[in-house]
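The structure appears right after this line, and notes come after that.
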Amino acid sequence: MRTVIPFAVGLLAPLAQGRAVVTRADIESCLTSAGVPIDVKGSAEWARDSAPFNIRVPYTPVAISVPTTAAQIQKSVLCGKKLGVKVSAKSGGHSYASLGFGGEDGHLVVELDRMNNVTLGKDNIATVQPGTRLGHLATELFKSGRAIAHGTCPGVGISGHFLHGGFGFSSHRHGLALDSVVGATVVLADGSIVEASEKKNSDLFWALRGAGSNFGIVASWRLKTFEAPATLTWFGVSLGWTQSTAVAGLEALEKYARNVMPKEINFRVSDYNRGSPGIEGLYYGTDAEMRAAIAPLLATAAPLANITDSHTVNWLEAAVHYSFSDTGIDWVLPSPQEIFFAKSVTLKGLSGKSAQNFVDYWFNNATQLTSRNWWFQLDMHGGKNSAIAQVDNDETAYAHRDKLYIIQFYDRIDSGIYPTGGEKFLNGWVDAVTAPLAPSDWGMYINYADTTLDRETAQRVYYGKNLPRLQALKAKYDPKELFYYPQSIKPSTKKHN
1 MRTVIPFAVG
11 LLAPLAQGRA
21 VVTRADIESC
31 LTSAGVPIDV
41 KGSAEWARDS
51 APFNIRVPYT
61 PVAISVPTTA
71 AQIQKSVLCG
81 KKLGVKVSAK
91 SGGHSYASLG
101 FGGEDGHLVV
111 ELDRMNNVTL
121 GKDNIATVQP
131 GTRLGHLATE
141 LFKSGRAIAH
151 GTCPGVGISG
161 HFLHGGFGFS
171 SHRHGLALDS
181 VVGATVVLAD
191 GSIVEASEKK
201 NSDLFWALRG
211 AGSNFGIVAS
221 WRLKTFEAPA
231 TLTWFGVSLG
241 WTQSTAVAGL
251 EALEKYARNV
261 MPKEINFRVS
271 DYNRGSPGIE
281 GLYYGTDAEM
291 RAAIAPLLAT
301 AAPLANITDS
311 HTVNWLEAAV
321 HYSFSDTGID
331 WVLPSPQEIF
341 FAKSVTLKGL
351 SGKSAQNFVD
361 YWFNNATQLT
371 SRNWWFQLDM
381 HGGKNSAIAQ
391 VDNDETAYAH
401 RDKLYIIQFY
411 DRIDSGIYPT
421 GGEKFLNGWV
431 DAVTAPLAPS
441 DWGMYINYAD
451 TTLDRETAQR
461 VYYGKNLPRL
471 QALKAKYDPK
481 ELFYYPQSIK
491 PSTKKHN
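Using full-length UniProt numbering, read the sequence shown as starting at 1 and increasing by one per residue.
Shown next, in the form of structure tokens:
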């Protein structure tokens, strides 16, 4: 159950002056006095809202507020500020590193998933509440024949996804999820509610699109939509690569992705614990058009390849297919829990020694690890015709637009406890790939958060050359780090010019 007590005068009055440790009772008293719903410890709601997506990294909140309005988000932030408790917004709870809980014990978690309304205006701008999940967003927009480019997992909350990138099977054609953002209502660390757009608080608007969790809690999104295409074709390809042919295949893939790949095609190379790589993709058009578009790649990168499956569908059917969900995609509840460690790497290319290291580790190390369900997805991210790459790397805080690929590595067990030191497997793979590369040639993607990174490394690989400006803005908007987590941006002591 959740408790609501009418707002009491004196929200900002000292409640625990001189007290060294803030207790759950302190923070819950502040919240309930302010009229903010909370989860009661021991209740079914607490059990649900405190359960991490990644069981490997559980953390215990000091309290959980469950706002349904921007004002209640504001009061939650004010209680955290007043009592010196770090505040973490949790939209879908799908963070690989449990960052919705703050990445550590003792945060005030602002559970947003009861705020999930989607409204489409006459101008085709969608006003979307911050706890909406991707599947629900896609379903609601499709009712009006509209769509937004975003990821494939239906249980992912839009806020974490949009604030840090939002890559998916329409990104090559339409850009990242954050590229659809035209405005946001934001609760800042001082408790104020502001608008952010190109014309209002433009520096905050810049930071929100790529590093937003460091600067405030979005209470409402305004997103531009496009007409949902009537005809798409999803497809699968068996590449037929072996250890002796995969490097040449990757080098041919790089040439295609960089210079030839049409904007209408979106795909990734993947291997799901088999040593038998394939392609999963989505084409904006007919089956015949898809085959013509991918033929130059298969002719050079995989002469033994064959298209194993393809179906022409509408927009929502394509979303359902790549959700890999047996229960549809209109989700308002969290994703099923898993036990895993994940990493990522963004790359300007994958050829030469780096490609050889990738392939050798893949076939010599990964294929020998049969006790765990590992996989990788090598997504086509940039290139001449990619919508992502048409935007300058510093136009938003997202720092990877110059990267051709984004690779997600995932290592999962079905039950039990993830093995001690098990992270070495994927760490070794990424280290092998990046060892021959200059630091500017690679980075990492925070939406595939890596729990083994220290704060300094995380800032560098997630934000690249945009980091100094972000640190200056952190000093402006959250100098006392109310929205702290172990890999959050440190406030700068210098002003950005």
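Glycine included, C-beta positions come from ideal geometry on N, C-alpha and C. Keep in mind it's a predicted model, so treat the numbers as computed, not measured.
ask   = From SER344 to PRO262, what distance separates their C-alpha atoms?
value = One-based indexing of the sequence shown puts residue 344 at position 344. One-based indexing of the sequence shown puts residue 262 at position 262. Answer to the nearest angstrom: the Cα atoms are 25 Å apart.
ask   = Among VAL57, PRO61, THR32 and SER415, which one has its Cα closest to the Cα of TRP46?
value = To locate residue 46, count along the sequence shown from 1; it is residue 46. Looking at the Cα atoms, PRO61 is the closest of the given residues.
Helix, strand or coil at ILE73 [DSSP, three-state] = Counting from one through the sequence shown, the residue named residue 73 turns up at place 73. Correct three-state label for ILE73: helix.
key: Beta-carbon proximity list for ASN385, same chain, < 7 Å, skipping 5 on both sides   = Taking the sequence shown and counting its residues from 1, the one referred to as residue 385 is at position 385. Closer than 7 Å at the Cβ level, and outside the excluded window around ASN385, lie MET261, PRO262 and LYS263.
key: Residue from PHE101, THR68, LEU176 and VAL77 whose Cα sits closest to the Cα of ILE193   = Counted from its first residue, the sequence shown places residue 193 at position 193. When each option's Cα is compared against that of ILE193, the closest is VAL77.
message = Distance cutoff 8 Å, beta carbons only. Does TYR322 sit that close to anything in chain D?
response = Looking at the structure shown, chain D is missing, and only one protein chain is on hand.
inquiry  = Count Cβ pairs between the segment 346–354 and the segment 437–456 that sit closer than 8 Å; are there 3 or more?
reply    = Yes: the two stretches touch, three or more of their Cβ pairs being nearer than 8 Å.
ask   = CA-CA distance, HIS94 and ALA177?
value = What you label residue 94 is simply residue 94 of the sequence shown in a count that begins at 1. What you label residue 177 is simply residue 177 of the sequence shown in a count that begins at 1. Distance between the alpha carbons of HIS94 and ALA177: 16 Å.
ask   = Looking at PRO296 and TYR256, is the spacing between their C-beta atoms short of 8 Å?
value = Your numbering for residue 256 matches position 256 in the sequence shown. Your numbering for residue 296 matches position 296 in the sequence shown. Cβ atoms of TYR256 and PRO296: closer than 8 Å.
request  = Only counting runs of 4 or more residues, tell me where the alpha helix (DSSP H) segments fall wholly within the segment 134–163, in order along the chain.
outcome  = 134–142
key: Cutoff 6 Å; reference ALA342; Cβ partners in own chain excluding five residues on either side   = Looking up residue 342 in the sequence shown gives position 342. Once the five neighbours on either side are set aside, the close Cβ partners of ALA342 are TYR96, TYR410 and TYR448.
Three CB pairs or more closer than 8 Å across the segment 310–319 and the segment 265–277 = no
message = My output table needs one value for GLU227: the three-state DSSP class, helix, strand or coil.
response = Here residue 227 is taken as the residue at index 227 of the sequence shown, counted from 1. It is a strand residue.
message = Could you check whether the Cβ of SER344 sits closer than 7 Å to any heavy atom belonging to the ligand GDP?
response = Of ligands this structure carries none, so the ligand GDP is not represented either.
inquiry  = Please classify GLU140 as buried or exposed, where buried requires at least 16 neighbouring CB atoms within 10 angstroms.
reply    = Taking the sequence shown and counting its residues from 1, the one referred to as residue 140 is at position 140. GLU140 is buried by the Cβ-count criterion.
Pair within 8 Å by beta-carbon distance, ALA126 and LEU223 = Here the question's residue 126 lines up with position 126 in the sequence shown. Here the question's residue 223 lines up with position 223 in the sequence shown. Yes; because the gap between Cβ atoms is below 8 Å, this pair is in contact.
TRP315 - DSSP class collapsed to helix/strand/coil = Counted from its first residue, the sequence shown places residue 315 at position 315. The answer is helix: DSSP assigns TRP315 an H, G or I state.
task = Grab me the residues of GLY249's own chain with a C-beta within less than 7 Å of its C-beta, minus the 5 sequence neighbours each way, in chain order.
result = Along the sequence shown, read from residue 1 onward, the residue named residue 249 stands at position 249. Closer than 7 Å at the Cβ level, and outside the excluded window around GLY249, lie LEU239, TRP241, ALA301 and ALA302.
message = In this structure, how does DSSP classify VAL182 when only helix, strand and coil are distinguished?
response = On the sequence shown, residue 182 is found 182 positions in, with the first residue counted as 1. Looking at VAL182 - three-state DSSP - the assignment turns out to be strand.
message = Please classify PHE324 as buried or exposed, where buried requires at least 16 other C-beta atoms within 10 Å of its C-beta.
response = Translated into positions along the sequence shown, residue 324 becomes position 324. By the 10 Å Cβ count, PHE324 comes out exposed.
inquiry  = On the DSSP letters alone, give me the boundaries of the alpha helix (DSSP H) that ASP411 sits inside.
reply    = Looking up residue 411 in the sequence shown gives position 411. Here ASP411 belongs to no alpha helix (DSSP H); instead the beta strand (DSSP E) covers 405–413.
query = For ALA399, which residues from the same chain have a beta carbon less than 6 Å from its beta carbon, with the 5 sequence-adjacent residues on both sides left out?
reply = What you label residue 399 is simply residue 399 of the sequence shown in a count that begins at 1. Excluding positions up to five away in sequence, the list reads TYR463, GLY464 and ASN466.
ask   = Can you tell which of TRP234, GLY84 and ARG274 has its C-alpha closest to the C-alpha of residue 504?
value = This structure leaves residue 504 out entirely; the chain is present only between 1 and 497.
task = Label GLU280 either buried or exposed according to how many other C-beta atoms from any shown protein chain fall within 10 Å of its C-beta, with 16 as the threshold for buried.
result = For the purposes of this step, residue 280 is identified with residue 280 of the sequence shown, where counting begins at 1. Buried, by the Cβ-count rule.
ask   = Helix, strand or coil: how does DSSP classify PHE425 here?
value = Numbered from 1 along the sequence shown, position 425 holds the residue referred to as residue 425. Three-state DSSP puts PHE425 in a helix.
message = What would DSSP say about MET380, mapped onto helix, strand or coil?
response = Along the sequence shown, one-based indexing puts residue 380 at 380. MET380: strand per DSSP, three-state reduction.
query = alpha helix (DSSP H) containing SER202: first to last residue?
reply = Residue numbering aside, residue 202 sits at position 202 when the sequence shown is read from its first letter. Looking at the DSSP string, the run of the alpha helix (DSSP H) that includes SER202 is 202–211.
message = DSSP three-state label for THR457, please.
response = Taking the first residue of the sequence shown as 1, we reach residue 457 at position 457. The answer is helix: DSSP assigns THR457 an H, G or I state.
query = Ends of the beta strand (DSSP E) at LYS90?
reply = The residue you call residue 90 lines up with position 90 of the sequence shown. It spans 87–90 - the beta strand (DSSP E) in which LYS90 sits, taken as one unbroken run.
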